[in-house]
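Visitor:
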Amino acid sequence: MSDFRLRVFSSVAKNLSFTKASQELFISQPAITKHIQELETMYQTRLFERMGNKILLTDAGRLLLEHCEKILEDYGRLEYEMNLLRNEHTGELRLGASTTIAQYVLPPLLARFIEKFPQVSLSLFSGNSSEVEKALQEHRIDLALVEGNTRQPNLKYTPFLQDELVAIVQTRSKWMDYDEITLDELKEVPLVLRERGSGTLDVLITALHKHNIKLSDLTIRMHLGSTESIKLFLENSECMGILSIRSINKELYSGKFKVLDIKDLVMFREFDFVQLQGQDTGLPTLFMQFANHYKEKL
1 MSDFRLRVFS SVAKNLSFTK ASQELFISQP AITKHIQELE TMYQTRLFER
51 MGNKILLTDA GRLLLEHCEK ILEDYGRLEY EMNLLRNEHT GELRLGASTT
101 IAQYVLPPLL ARFIEKFPQV SLSLFSGNSS EVEKALQEHR IDLALVEGNT
151 RQPNLKYTPF LQDELVAIVQ TRSKWMDYDE ITLDELKEVP LVLRERGSGT
201 LDVLITALHK HNIKLSDLTI RMHLGSTESI KLFLENSECM GILSIRSINK
251 ELYSGKFKVL DIKDLVMFRE FDFVQLQGQD TGLPTLFMQF ANHYKEKL
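Oh and the sequence shown: position 190 is 190 in the UniProt record's numbering, straight run, nothing missing.
1) Would you check if the distance between the CB atom of F113 and the CB atom of K295 is smaller than 8 Å?
2) If you count every other CB in all the chains shown that lies within 10 Å of the CB of M1, and 16 or more means buried, which is it?
3) Does the count of Cβ pairs from the region 126–142 and the region 158–174 closer than 8 Å reach three?
4) Taking S229 as the reference, give the member of D202, E195, K258 with the closest Cα.
5) Are the CB atoms of A144 and V12 within a distance shorter than 8 Å?
6) Can you list, in chain order, the residues of its chain with a C-beta nearer than 8 Å to that of T19? Leave out the 5 residues immediately preceding and following it.
7) Please look up how many angstroms separate the CB atoms of E147 and S129, rounded, as I've assumed it's under 8 Å.
8) Short check: CB of E270 to CB of G197, under 8 Å?
9) Just to confirm the assignment: which complete alpha helix (DSSP H) runs, minimum length 4, are found wholly within the region 25–90?
10) Give a yes or no on whether the C-beta atoms belonging to H211 and L183 are separated by under 8 Å.
11) Counting only the same chain and skipping the five closest in sequence on each side, list residues whose C-beta sits under 7 Å from that of L72.
12) Taking D202 and N149 to be in contact with their CB atoms under 8 Å, please state how far apart those CB atoms are, rounded to whole angstroms.
13) Taking residue 315 as the reference, which of L234, W175, D179 has the closest Cα?
14) What three-state label does DSSP hand I114 in the structure shown?
15) Give the DSSP bridge partners of R194, in chain order.
16) What residue range is occupied by the uninterrupted beta strand (DSSP E) comprising P159?
17) From E185 to L252, what does the alpha carbon distance come to, in whole angstroms?
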């Protein structure tokens, strides 16, 4: 079976749209339809139901999607391991990553990559998610890793890792005696947050919006441009911060910070690889495959 036909099916099934799959895979809509029809002919069953302008997965479609994810993952692992056998990769790879990823996720991964591929020259540009995506669009970097919920239509996003934002206070704070606060209490707590354009703030805004709460409803003392500056601020303040759980492991272990639950506020997010549409070969693809191979260790 063609690997690409499964990729087409997976894209249509996830988007429930032939048009969106066409845009995502950078091929024509008639080509999308042809690949789906070939799969339906092969399995002698309908994979999608047409309901007016909408499509839905049939039972057979849901079954195929379940197996399809595993098969595509195996294809990716096979391609990665075959590439390793050649190990002839040379050239320059310009990476860009949003602040949290650049500081707390990438360093061990970059060290392993350089050890495995010493002939590849790596560089890393760091900024907030908006700055990194702009650098990609201006061809100043080859591959981006960002956080947040916003999506640019001319960019291709591929999930990498899941992350969670948490509320933290220093352990001498008056909030130390609390294990959980309500959303109404959150409005009264002095906060220090990331700057506009950061993926961290974007996720918080999205989570609050689900409860009809705006940033202007909160008591924000300051916006700062990096996670480290927020942590240093919190060490000397009664304020609360909202940061990635991955960024505070050392401080939690040492007892410097405490995590407070905010009742009913869910702040999960994906770290995504980002590429220009149609550019999915060469060193960027190698790095993505390498990163996915090692991500369980991060």
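For every residue, glycine included, the Cβ atom is placed at its ideal position computed from N, Cα and C.
A quick note: this is a predicted structure, and the numbers were derived from the prediction, not measured.
Guide: Concretely, from the data shown:
1) Taking 8 Å as the Cβ cut-off, F113 and K295 do not qualify as a contacting pair.
2) Only weak support is given to the placement of M1: the predicted model assigns it a pLDDT of 44, under 50, and the value that follows is read from those uncertain coordinates. Per the 10 Å Cβ criterion, exposed.
3) No, because fewer than three Cβ pairs between the region 126–142 and the region 158–174 fall closer than 8 Å, the two stretches do not touch.
4) E195 is the residue among D202, E195, K258 whose C-alpha sits nearest the C-alpha of S229.
5) Their beta carbons are not under 8 Å apart, which means V12 does not touch A144 by this criterion.
6) Correct list, in chain order: Q29.
7) 6 Å between Cβ atoms; contact.
8) Against a cut-off of 8 Å, the Cβ pair of G197 and E270 comes out as no contact.
9) DSSP runs (the alpha helix (DSSP H)) wholly in the region 25–90: 29–43, 59–86.
10) Contact flag set, yes.
11) Closer than 7 Å at the Cβ level, and outside the excluded window around L72, lie L6, R7, S10.
12) About 6 Å separates the two Cβ atoms, so the contact holds.
13) This structure cannot speak to residue 315, because the chain is shown only from 1 to 298.
14) DSSP places I114 in helix when its eight states are reduced to three.
15) Beta-bridge pairing links R194 to L224.
16) Looking at the DSSP string, the run of the beta strand (DSSP E) that includes P159 is 155–170.
17) Those two C-alpha atoms are separated by around 23 Å.
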